[in-house]
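Written below as structure tokens is the structure these notes are about.
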Amino acid sequence: MMNAVNLRFEQIPEVNVKLMLREVKILEKENEDDWAKVAMGNTLDSSVTLDKLEERAAAGDPLTMGAAIVLLLTGRNCFASSSGYPVEGESYTGHACRYYKFSVGRDVPGTFSGVKTLCHELGHSLGLLHDGESTLEEEQGHPGAKGVDPYKANPYIMCGLRDCGAEHDRFSDCAASQIKWFLETYGGHCQIYTESLPPVTTPFTEKVSRSVDFCHPVLQAHAPRD
Numbered sequence: 001m002m003n004a005v006n007l008r009f010e011q012i013p014e015v016n017v018k019l020m021l022r023e024v025k026i027l028e029k030e031n032e033d034d035w036a037k038v039a040m041g042n043t044l045d046s047s048v049t050l051d052k053l054e055e056r057a058a059a060g061d062p063l064t065m066g067a068a069i070v071l072l073l074t075g076r077n078c079f080a081s082s083s084g085y086p087v088e089g090e091s092y093t094g095h096a097c098r099y100y101k102f103s104v105g106r107d108v109p110g111t112f113s114g115v116k117t118l119c120h121e122l123g124h125s126l127g128l129l130h131d132g133e134s135t136l137e138e139e140q141g142h143p144g145a146k147g148v149d150p151y152k153a154n155p156y157i158m159c160g161l162r163d164c165g166a167e168h169d170r171f172s173d174c175a176a177s178q179i180k181w182f183l184e185t186y187g188g189h190c191q192i193y194t195e196s197l198p199p200v201t202t203p204f205t206e207k208v209s210r211s212v213d214f215c216h217p218v219l220q221a222h223a224p225r226d
């Protein structure tokens, strides 16, 4: 999945960003409450989960201390109690390698739907606003994303509308200037992470998904019902 995410970031002109997966922690039922807030049956509250991730960092959890971005990936439906809306993810904008370096994203197992979600949320972490949004008041010099009208253009990855359609698979022209600004302003904070990355010595064997395994659950979900 991260390879697919990086392919989309590589499409941004004049920006050299490559995200590396450094550590994975799989939550079990016994320790899930320490990291995530599950409410209303099987729904994850992304806003409270961000707070919990911050609490883990404040407590000195080594996983959070050694990461440039901490992202909790879930297969559950999500909603943001901060806005009251269902969401695919939630993040702090422009806080990679900084204190609020936390994100939450949803992936429907077996469909790789999380690729777009991760691009969107990690884009926020790297300073990207929703297309059409103005400059952040607290970040002087941030170029903003007013150059793209989300209501007129084909939706891009950083579309912030309730319904962005299914084809938003690349970043808009506003992305390059925003990430450049972030790297020039806060990129120095990230050096401690890139310089301390250990060499990869163990080969990682990826599971290969057959087309039938990928398509069957998707087609079932969209099959007409009597």
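Okay, so the sequence shown: first residue is 1 according to the UniProt record's numbering, each after it adds one. Using N, Cα and C, we set each Cβ at its ideal position, and we do this for glycine too. Computed from a predicted model, the values in this text were never measured in an experiment.
- Between the alpha carbons of Phe-79 and His-124 lies a distance of about 18 Å.
- Pairing Lys-101 with Val-148, the inter-Cα distance amounts to about 26 Å.
- Thr-111 sits in coil when the DSSP states are folded into three classes, being neither helix nor strand.
- Fully enclosed alpha helix (DSSP H) runs of no fewer than 4 residues occupy 46-58 and 62-65 of the segment 6-77, in order along the chain.
- For the set Ala-59, Phe-112 and Val-87, the Cα lying nearest the Cα of Ala-4 is the one of Phe-112.
- Comparing alpha carbon positions, the residue from Ile-157, Pro-86 and Ser-81 closest to Ser-47 is Ser-81.
- Checking the DSSP bridge columns, you'll see Glu-121 has no partner listed.
- Fewer than three beta-carbon pairs drawn from the segment 36-51 and the segment 5-16 are found closer than 8 Å, and the two stretches are therefore not classed as touching.
- With respect to the 7 Å criterion, Ile-179 and Val-15 are classified as neighbours on the basis of their beta carbons.
- When DSSP states are grouped into helix, strand and coil, Gly-188 belongs to the helix group.
- As computed with DSSP, Val-104 is found in a beta bridge with Leu-72 and Glu-90.
- Around the C-beta of Asp-131, 16 or more other C-beta atoms lie within 10 Å, and the residue is accordingly described as buried.
- In the three-state reduction of the DSSP assignment, Phe-79 falls in the strand class, which pools E and B.
- Linking Leu-136 to Gly-144 through their CA atoms gives a straight-line distance of about 7 Å.
- Pairing Ala-67 with Cys-119, the inter-Cα distance amounts to about 18 Å.
- Counting the other CB atoms within 10 Å of its CB gives Tyr-85 a total below 16, which places it among the exposed residues.
- Under the DSSP definition of a beta bridge, Tyr-99 lacks any partner.
- With fewer than 16 neighbouring CB atoms inside 10 Å of its own CB, Ala-39 falls in the exposed class.
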